[in-house]
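Below is one structure, written out as structure tokens; comments come after it.
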Amino acid sequence: MQRRLKRVWHNIRGGVLPLTAIILLGLLWEGSVHFFSIPVYLLPAPSVIWVDFIGNVDLVYGHTMATVSTILGGFLLSIVISFPLAMMIASSAVIANTLYPLLVLTQSIPKVALAPILVVSMGAGEGPRVIVTFLVAFFPLVTSLATGLMAVPKDLVELSRSYKSTWWQQMWLIRLPWSVPFLFNGLKLSITFAVVGATVGEFVAADKGLGYQIMAATSFFNTPVAFGALVILSLLGIVLFQSVAILEKVLFPWSSPQE
Amino acid sequence: MIEIDKISKIFRSLDGDDVIALEDVSLKIELSEFVSIVGPSGCGKSTLLRLVAGLSEPTEGRVMIDGNEMKEPRQDIGMVFQAPTLLPWANILKNVLFPLKVLHRITTDSDDQARELLKLVGLEEFENKMPSELSGGMQQRAAICRALITEPKILLMDEPFGALDALTREEMGLELQRIWTERPTTIVFVTHSVPEAVLLSDKVCVMSARPGCVKEIIEIPLPRPRSYSQETEQKFQRLSHRIRGHIFENQKSGGRSDAA
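So the protein lines, in turn, are chains A and B. All residue numbers for the first sequence refer to numbering that gives the first Met the number 0, where the first residue is 0 and numbers rise by one. All residue numbers for the second sequence refer to numbering that gives the first Met the number 0, where the first residue is 0 and numbers rise by one.
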């Protein structure tokens with residue numbers, strides 16, 4: 000009996016402990032706000048945020064979908080551009096030496112500063128937001144994928160060369176499959192960064208989206224709405240990250256880390 | 000027949016110095032002969048093997064196979080490395096078929112051909128297993144099947160049992176002897192192990208390091224099939240002793256600058 004209890008505890012421990020911590024923290028938050036009579040525009044209590052959220056559920060849904068589409072747009076663009084880039088970097092030292100400084104340069108540009116410039120040149124549509132998201136999200140993907148493509152054991156490449164494999168065969172039959180664990184590592188980072196990128200894009204130029212909602216709400220000191228959007232953004236990050244992780248487990252079971 | 004004709008190989012190192020990996024190496028290997036290359040690390044054994052495989056070109060001299068000069072990799076050569084280097088995402092059967100896939104030579108018979116090879120090495124039950132589910136010795140057996148699937152005339156083995164534990168290593172040596180007896184091919188076998196070389200080879204080519212050159216080519220006239228119980232025999236010991244003598248003499252003469 001006791002052993003069975005122990006086993007049940009062992010299985011649920013991973014979920015129960017952090018959940019308990021979150022609930023306790025929420026209670027502490029709720030209690031402090033009431034105890035110290037903190038005004039709602041400074042720090043709203045969780046209960047207030049919740050009530051506000053339920054009251055505006057349709058509106059929030061629309062904003063969330065707008066943000067999701069920006070995130071996915073930037074993420075897909077990252078994937079489409081990262082693959083050829085990484086393959087070029089992995090194929091030749093000359094190309095790698097040429098491209099890497101440029102890639103690092105794109106990372107040193109502050110995206111918040113770039114966004115308004117993009118709005119001027121591209122107009123106020125979805126374009127600048129997707130570009131900003133892409134610029135934030137693609138870098139870890141390119142570097143992870145390029146590392147993976149180059150991590151193939153030398154012997155394996157020699158083996159395929161000894162059968163006169165073409166460049167394309169080496170990529171398709173060896174290098175790309177070999178880099179799958181690296182690829183997913185990059186995708187997980189990339190999707191997480193895409194959430195940040197989309198929010199930054201919406202701060203600067205948007206009339207919808209959770210980033211826009213935060214900007215709009217805070218300018219009217221409507222703090223509970225801003226907090227609600229913040230919570231959803233965090234949840235969005237977790238859900239998207241886990242989706243990528245599940246995709247890896249389903250499609251490439253040999254690649255995911257052993258339990 | 001493989002004819003290695005006065006080969007030299009010079010590498011340019013990163014600091015601009017020339018490193019002589021091989022100097023004036025000549026070796027003749029007959030059809031279906033088992034030849035081992037033994038020597039200290041840095042004697043250019045693996046370089047020599049890569050030259051025979053056509054993966055790199057000699058600075059001087061040439062490699063002739065059946066009278067044709069080696070210019071690029073040939074389809075009738077199979078390679079086995081120290082690490083099994085199986086594809087982790089493919090099962091054992093698919094791994095064995097990999098060379099045929101690269102060569103676009105997959106036919107309806109290919110699967111049966113691969114199964115026959117797996118049976119030859121005792122892996123017939125494991126065709127659907129993933130490489131990570133097999134032990135090191137079993138993985139190396141699969142790698143040998145992969146090398147044999149193209150029915151190569153020449154098998155190049157670069158310390159194939161070097162990463163295995165001592166017991167598995169002996170077992171695999173005997174296993175290779177049996178496979179070679181059942182399917183005679185020309186084998187060039189690089190090893191660090193003197194007893195392994197004596198046990199398996201028709202001829203042992205002893206090399207020395209810096210620059211890599213041939214010390215002596217020793218015929219092994221022991222009767223086959225051989226086993227490790229012969230190791231105690233005087234003939235076996237005399238041959239081992241002679242090989243060790245060459246390697247030892249080279250070390251004493253101060254040829255190894257990195258020796259502690």
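Cβ coordinates follow ideal geometry from the N, Cα and C atoms, glycine included.
Euclidean distance between Cα positions of Phe-235 (chain B) and Gly-135 (chain B) = 29 Å
Residue burial classification, Ile-219 (chain B) (beta-carbon count within 10 angstroms, cutoff 16) | buried
Per-residue burial, Gln-257 (chain A) [other beta carbons within 10 Å of its own, 16 or more giving buried] = Only weak support is given to the placement of Gln-257 (chain A): the predicted model assigns it a pLDDT of 49, under 50, and the question is left unresolved by the model.
Count the other CB atoms, across all protein chains shown, that sit within 10 Å of the CB of Asp-14 (chain B); report buried if there are 16 or more and exposed otherwise.
-> exposed
Contact set for Ala-146 (chain B): own chain, Cβ-Cβ below 7 Å, skip 5 residues either direction = Gly-77, Met-78, Val-79, Leu-154
Every unbroken alpha helix (DSSP H) within the segment 118–203 of chain B, with a cutoff of 4 residues, ordered by chain = 135–147, 165–181, 193–199
Tell me, please, which residues DSSP counts as bridged to Phe-10 (chain B).
-> B:Val-18
Closer than 8 Å, CB to CB, is Pro-115 (chain A) near chain B or not?
-> no
Starting from Arg-49 (chain B), trace the alpha helix (DSSP H) both ways and give me its first and last residue.
-> 44–52
Could you tell me if Met-64 (chain A) is buried or exposed, where buried requires 16 or more neighbouring beta carbons within 10 angstroms of its beta carbon?
-> exposed
Out of curiosity, what's the CA-to-CA distance linking Ala-145 (chain A) and Ala-89 (chain A)?
-> 6 Å
Using a beta-carbon distance below 8 Å, is Ile-216 (chain B) in contact with chain A?
-> no
Give me the Cα-Cα distance between Glu-56 (chain B) and Lys-70 (chain B), rounded to the nearest whole angstrom.
-> 7 Å
So, is the C-beta of Glu-247 (chain A) closer than 8 Å to a C-beta in chain B?
-> no
Grab me the residues of Leu-98 (chain A)'s own chain with a C-beta within less than 8 Å of its C-beta, minus the 5 sequence neighbours each way, in chain order.
-> Leu-84, Met-87, Ile-88
In or out: Gly-38 (chain B) buried (at least 16 other Cβ within 10 Å) or exposed?
-> buried
Kindly confirm or deny that the segment 15–34 of chain B and the segment 208–216 of chain B touch, where touching means at least three C-beta pairs closer than 8 Å.
-> yes
Per DSSP, cross-strand counterpart(s) of Leu-26 (chain B) = B:Ile-3
What three-state label does DSSP hand Ile-217 (chain B) in the structure shown?
-> strand
Is the Cβ of Trp-253 (chain A) closer than 8 Å to any Cβ of chain B?
-> yes
For the beta strand (DSSP E) holding Val-37 (chain B), just list the boundary residues, first then last.
-> 33–37
Val-101 (chain B) CB to nearest chain A CB: under 8 Å?
-> yes
Proximal residues to Arg-49 (chain B) (C-beta, below 8 Å), its chain only, five neighbours per side dropped | Ser-55
CA-CA distance, Asp-17 (chain B) and Arg-61 (chain B)?
-> 20 Å
CA-to-CA distance, Trp-171 (chain A) to Gly-254 (chain B), given in whole angstroms = With a pLDDT of only 45 at Gly-254 (chain B), under the threshold of 50, the placement of this residue in the model should not be trusted, and no figure is reported.
Chain B residues whose Cβ lies nearer than 8 Å to that of Gln-1 (chain A) = Here the premise fails: no neighbours, minimum Cβ distance about 36 Å.
Please confirm if the segment 118–131 of chain A is in contact with the segment 139–159 of chain A, defined as three or more CB-CB distances below 8 Å between the two stretches.
-> no
Three-state secondary structure (DSSP) at Gly-61 (chain A)?
-> helix
Decide if Asn-94 (chain B) is buried, meaning its Cβ has at least 16 other Cβ atoms within 10 Å, or exposed.
-> buried
Beta-carbon proximity check, Leu-47 (chain B) vs Thr-185 (chain B), cutoff 8 Å = no
Through-space distance from Ala-82 (chain B) to Trp-177 (chain A), alpha-carbon basis = 16 Å
Interface partners of Ala-162 (chain B) on chain A, CB under 9 Å = Within 9 Å Cβ-Cβ: nothing; Ala-162 (chain B) doesn't reach chain A, min ~12 Å.
Positions along the segment 146–161 of chain A whose CB lies within less than 7 Å of some CB in chain B | Pro-152, Asp-154, Leu-155, Glu-157, Leu-158, Ser-159, Arg-160, Ser-161
Is the number of C-beta pairs between the segment 133–141 of chain A and the segment 176–190 of chain A that are closer than 8 Å three or more?
-> yes
Using a beta-carbon distance below 8 Å, is Met-156 (chain B) in contact with chain A?
-> no
Have a look at Ala-258 (chain B) and Glu-158 (chain B) and give me their C-alpha separation to the nearest angstrom.
-> Residue confidence for Ala-258 (chain B) is low, a pLDDT of 37 falling below 50, so the modelled location carries little weight; the figure read from the coordinates is stated next. C-alpha separation (whole angstroms): 22 Å.
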